[in-house]
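Undergrad:
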Amino acid sequence: MILYVDAISGLAGDMLVASLIDCGVDFEYIKSNISLLKLDVELSVEEKFVNGIKAKRFIVNTHSHDHEHHSESTHHHRTFKDIKKMLLESSLPEAVKEISIKIFEKIALAEAKVHSKNPEEISFHEVGADDSIVDIVAFSLCIDYLKPEKIIFSPLCDGRGFTKSMHGIIPVPAPAVLEIARQNGIPLSTKNIESELITPTGIGIAAAVASSFSQMPSMTIEKIGYGAGTKELPIPNVVRAIAGKKN
């Protein structure tokens, strides 16, 4: 089976997971495995119509985010080392640990370069927060569930302008996104939309699993999944997961 990820309006971890659940991954399988990490989170999936197209949303409720002004301590700034340890010590399937660590490593290496730090000690901020850990591990569970022989992503396109980060206002594409593209030879373009379309988690996932970034190959399509994002954009804010056999 080939999995083609059509990133028409960028990439984010939750959108990728939602598209794969819509493509047939059992949500209970994700839920029961995520519970092995013992994080204080609640997962849900809901339907959302995007420009009339029925899509799914993958929602991670983290209890530490209930308060707008949370202290540093509730925002778990885990390092790459902490996350690796947490995954290796968990009873998740080995393949899932492997994919997850590979994704985190892609992001850590880029963040390390941007912030001039050692990758092991990179404190993940946004990515170390529980919702990002869940997105990455849930994505890895989806891949383990579907077991595609090959994963191809469409060419990636980000927006422009500025976005908020833990470090203040930063330009779009975000520095970590650009750096992941550079380190992994991922072609990237931008379109005239004032919004962050690609998150470090989204491109980190792509960097870890994509065999190429190209047009859809000739394939017999078996399943299609739509994963919706949270932003209202001038274009449909969805990722499409297309699964099928190579012709």
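For the sequence shown, this note's numbering assigns the number 4 to the initial residue and increments by one for each residue that follows. C-beta: ideal position from N, C-alpha, C; glycine also.
#1: Can you list the beta strand (DSSP E) stretches of 3 or more residues lying completely in the segment 6–88, in chain order?
#2: Find out if the Cβ-Cβ distance for the pair Pro-176, Ile-110 is shorter than 8 Å.
#3: Is Lys-116 helix, strand or coil by DSSP?
#4: For a test of the three-state rule: what should DSSP assign to Ser-168, helix, strand or coil?
#5: In whole angstroms, what is the alpha-carbon distance linking Pro-178 and Val-117?
#6: Sort out for me which residues DSSP pairs Ser-215 with in a bridge.
#7: Starting from Leu-3, follow the alpha helix (DSSP H) in both directions and report where the run begins and ends.
#8: So, helix, strand or coil for Glu-124, using DSSP?
#9: Can you list, in chain order, the residues of its chain whose CB lies under 7 Å from that of Phe-156, leaving out five sequence neighbours each side?
#10: Measure from the alpha carbon of Asn-195 to the alpha carbon of each residue in Val-48, Ser-12, Met-219, then state which is nearest.
#11: At the level of alpha carbons, what is the spacing between Arg-163 and Thr-193?
#12: Which partner residues does Lys-249 have in the DSSP bridge list?
#13: Give the C-beta separation of Ile-56 and Val-241 to the nearest angstrom, bearing in mind that I take them to be a contact with Cβ-Cβ under 8 Å.
#14: If you measure between the beta carbons of Asp-147 and Ala-98, is that distance less than 8 Å?
#15: From Ser-119, Ile-227, Thr-65, pick the residue whose C-alpha is nearest to that of Leu-6; which is it?
#16: For Lys-150, which residues of its own chain have a beta-carbon under 8 Å away from its beta-carbon, when the five flanking residues on both sides are left out?
#17: Report yes if the CB atom of Leu-46 is closer than 8 Å to the CB atom of Gly-230, and no otherwise.
#18: Helix, strand or coil, according to DSSP, for Ile-106 in the structure here?
#19: Can you tell me whether Thr-1 is buried or exposed? The criterion is at least 16 other CB atoms within 10 Å of its CB, across all chains shown.
#20: Is it the case that the Cβ atoms of Val-63 and Asp-134 are separated by a distance below 8 Å?
#21: To which residues of the same chain is Ile-24 closer than 8 Å at the C-beta, ignoring the five residues directly before and after it?
TA: To lay it out plainly:
#1: Counting whole runs of 3 or more residues, the segment 6–88 contains the beta strand (DSSP E) stretches 44–53, 56–65.
#2: Taking 8 Å as the Cβ cut-off, Pro-176 and Ile-110 do not qualify as a contacting pair.
#3: helix
#4: strand
#5: 7 Å
#6: Ile-155
#7: Coverage of the chain is limited to positions 4 through 250, which leaves residue 3 absent and any answer about it impossible.
#8: Glu-124 carries a helical assignment under DSSP once its states are collapsed to helix, strand and coil.
#9: Val-8, Ala-10, Ala-209, Ala-213, Phe-216
#10: By alpha-carbon distance to Asn-195, the top candidate from Val-48, Ser-12, Met-219 is Ser-12.
#11: 7 Å
#12: Met-222
#13: 7 Å
#14: A distance below 8 Å separates the beta carbons of Asp-147 and Ala-98.
#15: Ile-227
#16: Met-4
#17: Contact flag unset, no.
#18: helix
#19: This structure leaves residue 1 out entirely; the chain is present only between 4 and 250.
#20: yes
#21: Leaving aside the five residues that flank Ile-24 on each side, the residues in its chain whose CB is nearer than 8 Å to its CB run, in chain order, Phe-30, Ile-33, Val-48, Lys-59, Phe-61, Cys-145, Gly-228, Gly-230.
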